[in-house]
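The numbering used here runs 1262 ahead of the 1-based position in the first sequence.
Note that the Cβ used here is the ideal one computed from N, Cα and C, for glycine as well.
Fair warning: this is a prediction, and the values are worked out from it, not measured in the lab.
Each remark here refers to the structure printed beneath this line.
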Amino acid sequence: MSEQTQPARDSTSARPLVARVAVEMALPHLDRAFDYVVPETMVAEVAVGCRVSVVFSGRRVGGYVLELTRSSDYAATLRPLSRVVSSEPVLSPAIARLARTVADRYAGTLSDVLRLAIPPRHARVEREQPSPTAAAITSEPVGGAAGVAAWRRAHGGVELLGALERGQSPRAAWTALPGDDWADAIAAAVVCCVTSGRGAVVCLPDYRDVARVDAALTRSLGVGRHVVLSADVGPAPRYRAFLAALRGQRTVVVGTRAAAFAPATNAGLFVVWDDGDDLLAEPRAPYPHVREVLALRAHQQGAGLIVAGHARTPEVQQLVESGWLTEVAAGRDTVRQVWPRVLVSGGTGPHPDRDPAARTARLPPDVFAAVRAGLARGPVLLQVPRTGYRTRLACQRCRAPADCPACQGALAQPGPDRPPACRWCGRVECDWRCPVCDGDRLRAPVVGEERTAEELGRAFVGVPVRRSTGETPLGTVPASPAVVVATPGAEPEVEGSYAAAVLLDVGLSLARPDMRAAEESVRRWLAVTALVRPAGDGGVVVVVGDPAIPAVQALVRADPAGFAARELAQRRATRLPPATRLATVEGPTQVVQQLIEPAAVTEATGSGWPEPSELLGPVGVGGGRARLVVRVPWRQGAALARTLSTLQSARSARKAEPLRVEVDPAELG
DNA sequence: TCAATCCGTATC
DNA sequence: ATACGGATTGAC
């Protein structure tokens, strides 16, 4: 109401200065601003966005000043601020607004989101003078020729760069091709945005990717314009980077998921790379996803957005189909030129073969031949799925994954000698019949092909075998012939490109009891495909699996967008996200059981579940706890989040243990 | 009729 | 959590 942007600060003002404070308090029913009077002694230090310390309900707690006014709606006497912790305005109005929106979107609290958005204070770093080199910009943006090349290959790519350069805010889904230097391409887009006088924020799944874009930005922007913001670098460097962005010393921020909330001076562009990577889903409450945060941010701030990757998630496909994102992808001719050849080999077990080495490798002969041919020309990458997935049941006869007839959840075996049950709604399936082939027997896919890699290595005497796993990843491997065995996500970069790649055991990868199994498998295979040289240079990708599986077809057809469209259509048909909005509620069994009683929910929330809603479960998750899945049409997503917030507030007001609520759970299975 | 105590609610 | 207000109870 009081729209004073700069409240008068003279002590002769009749009305005292009032700070509206967001307290650091996780209780949902206290998720709002509280007014405190600013004592005379603190008037000079206090600022909108600064950290303060207040007495709240008899306890000293930290907080952030959301607003400074001369009035308050609170009828009683205001308490004074205890202390201005620092004048540094760490919570800008733009980030406060974003954090509020994210909290509402995910049925969480502002306090929880601020914990993700603002790094812990480091007093010594705050006192430091910026080093002379830190402030100096050593070069004007020069653009990166290498990066622009990738955009030239894609329809709409050059136009996208032009729009950014002119100060416009385009929104695009960019599908990168094998051989594209995507880090240089992202840097080129950032340079265009910087040229228009604006800043940018780039988020990537892991530190390896961050380092690539950091290097690309250093090449194109020089030193001094951008900063790396990531929790991986330690508290002091993290806060130093945060302050550099906050103070506008650096206008480009690149980092992992923590950077999604980074302060950005006059941001014109937000970029997220490989949004299907689960590292971009925050594991702490309220579990926001970087893609959603940046999309909300681009919308709020009128900035551009680029969602980039080799793969395309159904979420991005939905934004493309709705027209909110523009497709930026190469035409079929270009795709065919740069993609490797994709071969599908149906065999999974050992095949009789005259070649004893092939028998040792326990691989189908054509796969063995492809590896041997590849090794004559360079390194060959083998992607082996990690073992230990909880397996989803499938039809014994036709191998189709087994779904719950009631809710389309995944059927899995809860334990030895237990009947199959739905992992969502708990329904026990005693007389299951396959909807595809009418088979009536279920099988659990076999795990344990990891040894294949080592046996394969032994089959090629004299060729080095290099292993790269999540725990011990390799950075870059030389261009010389070698068998490189990697688990998904740990594929090493290679000087040049791989001569061939083998995707082992795609059936196992697809057998995870998770809604995203197919999407995630295709994403991993595309990441491998992107490292292999074009078919014209002999590049080949061998897929060991059933060629009829749509996920395998996506690879054969070199069509990630088509696969995303198909996947989204399927999600619509089965009422799964992102076609619907879905939330999980987990807590003590009796409490969760109450949530399927309309009267109890109406009593607790005032409104009950949105209309229409589907309640799936609850299903026991062990330890006396249960989980309920609530599904609503996509349009009702906001209403569902509101209901869940109200429910949490009502519970916390009467000191009940909070439920674990997850809107858009990253994995469901 | 008053004080001790209990319960529910707000926390600025 | 803790503090407060209103209601309730028990003793005079």
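What number of angstroms, rounded off, separates the C-alpha of L1531 from the C-alpha of P1880?
42 Å
Are the CB atoms of P1259 and A1761 nearer to each other than 8 Å?
Any question about residue 1259 goes unanswered here, given that the chain covers just 1263 to 1931.
Hey, is the region 1903-1921 in contact with the region 1358-1370, meaning 3+ C-beta pairs nearer than 8 Å?
yes
Can you check whether the CB of C1699 is closer than 8 Å to the CB of R1728?
In this structure, C1699 does not lie closer than 8 Å to R1728 by Cβ.
Would you check if the distance between the CB atom of P1467 and the CB atom of L1567 is smaller than 8 Å?
Between P1467 and L1567, the C-beta spacing is not below 8 Å.
Taking the alpha-carbon positions, what's the W1871 to T1908 distance?
11 Å
Using the rule of at least 16 other Cβ atoms within 10 Å of the residue's Cβ for burial, across every protein chain shown, is H1551 buried or exposed?
buried
Taking the straight line between their C-alpha atoms, what separation do you get for F1504 and T1842?
36 Å
Assign H1417 to one of two classes, buried (16 or more other C-beta atoms within 10 Å of its C-beta) or exposed (fewer than that).
exposed
Between which two residues does the alpha helix (DSSP H) harbouring V1630 extend?
Per the sequence shown, the amino acid found at residue 1630 is Phe instead of Val. Segment P1627 to L1637, the alpha helix (DSSP H) holding F1630.
How many angstroms separate the CA atom of A1591 from the CA atom of H1572?
10 Å
Considering only heavy atoms of the ligand PLP, does any lie closer than 7 Å to the CB of L1817?
With respect to the ligand PLP, the structure shown offers nothing to examine, as it has no ligands at all.
How is the alpha helix (DSSP H) around F1825 delimited, first residue to last?
Where F1825 is concerned, the enclosing alpha helix (DSSP H) stretches over P1822 to A1835.
Can you check the region 1490-1539 for any alpha helix (DSSP H) of at least 4 residues that lies completely inside it and give the ranges in chain order?
1497-1508
In terms of alpha-carbon separation, which member of R1639, L1655 and T1596 lies closest to Q1670?
L1655
Leaving out five residues before and five after W1787 in sequence, what residues of the same chain have Cβ atoms less than 6 Å from its Cβ?
Excluding residues up to 5 positions away in sequence, L1765 and L1817 lie with their Cβ nearer than 6 Å to the Cβ of W1787 in the same chain.
Skipping 5 residues on each side, what residues in its chain have a beta carbon closer than 7 Å to that of P1614?
Only weak support is given to the placement of P1614: the predicted model assigns it a pLDDT of 40, under 50, and the question is left unresolved by the model.
Ends of the beta strand (DSSP E) at C1465?
G1461 to C1465
How about V1569 and D1537: do their beta carbons lie closer than 8 Å?
Against a cut-off of 8 Å, the Cβ pair of D1537 and V1569 comes out as a contact.
Around the Cβ of R1321, are there at least 16 other Cβ atoms within 10 angstroms (buried) or fewer (exposed)?
exposed
Thinking C1666 and C1684 are a contact (beta carbons under 8 Å), I'd like their distance in whole angstroms, please.
4 Å
Using a Cβ-Cβ cut-off of 6 Å (strictly less than) and excluding sequence neighbours within five positions of D1293, which residues of its own chain qualify?
T1371 and L1372
Does R1689 come out as helix, strand or coil in the three-state DSSP assignment?
coil
Between L1605 and V1784, which are expected to be in contact by the criterion C-beta below 8 Å, what is the C-beta distance as a whole number of angstroms?
At roughly 17 Å, the Cβ-Cβ gap does not stay under 8 Å, so L1605 and V1784 are not in contact.
Which residue marks the beginning of the beta strand (DSSP E) containing A1763, and which one marks its end?
A1763 -> beta strand (DSSP E) spans A1762 to L1765.
Apart from the five residues on each side of it in sequence, which residues of its chain come closer than 7 Å, Cβ to Cβ, to A1356?
Closer than 7 Å at the Cβ level, and outside the excluded window around A1356, lie Q1563.
Can you tell me where the beta strand (DSSP E) with D1297 in it begins and where it stops?
A1295 to V1299
Have a look at V1709 and Q1645 and give me their C-alpha separation to the nearest angstrom.
For V1709, the predicted structure reports a pLDDT of 39, less than 50, and the residue's modelled location is therefore unreliable. The matter cannot be settled from this model.
Take the Cβ of Y1326 as the centre, count every other Cβ of all protein chains shown within 10 Å, and call the residue buried at 16 or more, exposed below.
buried
Are the Cβ atoms of A1219 and L1328 separated by less than 8 Å?
The requested residue 1219 is not part of the displayed model; the chain covers only 1263 to 1931.
What did DSSP end up calling A1888 once you bin it into helix, strand or coil?
strand
By how many angstroms is the C-alpha of P1626 removed from the C-alpha of D1702?
Rounded to the nearest whole angstrom, the CA to CA distance from D1702 to P1626 is 30 Å.
Among T1836, A1845, S1333 and G1737, which residue has its Cα nearest to the Cα of A1276?
S1333
Which residue comes first and which comes last in the beta strand (DSSP E) that contains Y1326?
Element bounds for Y1326: R1321 to T1331.
Which residues does DSSP list as the beta-bridge partners of R1922?
E1848
Leaving out five residues before and five after D1446 in sequence, what residues of the same chain have Cβ atoms less than 6 Å from its Cβ?
These residues qualify, in order along the chain: G1406, A1408, G1409 and A1478.
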